[in-house]
Every structure is written in structure tokens, then in C-alpha cells.
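Numbering (full-length UniProt numbering), first residue to last: 1 to 127. Using N, Cα and C, we set each Cβ at its ideal position, and we do this for glycine too. All remarks here apply to the structure that follows.
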């Protein structure tokens with residue numbers, strides 16, 4: 001899976017707290033995250049699977065993996081983007097997420113695109 005000549009795919013994530021989410025009434029913390037996946041290569045790539053590691057400040061972690069994202073396995077053409085919004089619920093006001101997407105080239109070979117760690121934090125909870 002680790003090929004030095006893998007296509008260049010960039011992932012950017014922006015997360016924000018959802019104070020009005022029903023989980024907030026259950027001493028849990030809901031966050032939405034918006035993902036933009038940009039294909040900077042000269043070939044189309046298909047997003048097959050996702051893997052997330054979700055951690056909270058109390059040391060709890062949860063792994064989430066499965067086919068596609070938001071019910072889709074998008075084909076992203078060269079110089080195009082795919083965007084989606086999803087969510088996560090954690091047990092304390094601070095946490096983080098990270099992971100990867102498993103992608104497929106036209107020749108059916110697979111490669112992983114890392115998703116850098118990003119914070120899940122209730123506003124003004126951190127100095």
C-alpha cells in the first residue's frame with residue numbers, strides 16, 4: 001500500500017462544537033466536522049474506506065471504520081474536490097480525531113491518505 005509515487009490527495013478538516021445537539025443534555029459533547037478532500041494528482045482516485053481514531057481528554061478512545069463516507073464512495077477527478085460534513089460525540093469537552101482514507105487508483109491499486117490530528121473542543125475551554 002505504501003507506494004512512493006502515490007497520487008497527491010490533500011485532506012482539510014474544520015470542526016466545531018454543537019451546543020444545541022440533544023447529546024448536550026446527556027453530559028456528552030457533540031461536534032460537527034467538515035472535510036474537504038482535494039485531488040492534486042493527474043489521475044482520478046476513489047475513496048473506498050475510512051478509519052478514524054477518536055480520543056477524549058479522559059483517555060477514552062474509539063475506532064470507527066467502514067466503507068466510504070456519509071454513504072458514498074466518491075470518485076474524485078484530477079483537480080477536483082469532494083466535501084462532506086459528519087459528526088462525533090465524546091464524553092468530555094475536549095478531544096481529538098485523526099485517521100486515514102483508503103483510496104484506489106484507476107489501476108485498482110490502493111493507497112492511504114492520512115488525516116492529521118484535529119481538535120474537538122468546546123469554545124473557550126482551552127486557554
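Cα-Cα separation between residue 20 and residue 42, rounded to whole angstroms: 42 Å
Supposed close pair residue 44, residue 78 - CB separation, criterion 8 Å: 7 Å
Inter-residue Cα distance where the pair is residue 88 and residue 37: 19 Å
C-beta contact flag for residue 91 and residue 116 at 8 Å: no
Three-state secondary structure (DSSP) of residue 80: coil
Residue 15 to residue 108 span [Cα, whole Å]: 32 Å
Buried versus exposed, by CB contacts within 10 Å (16 or more), residue 124: exposed
Buried/exposed call for residue 7, threshold 16 Cβ in 10 Å: Per the 10 Å Cβ criterion, buried.
Whole-angstrom distance between residue 22 and residue 122, CA atom to CA atom: 15 Å
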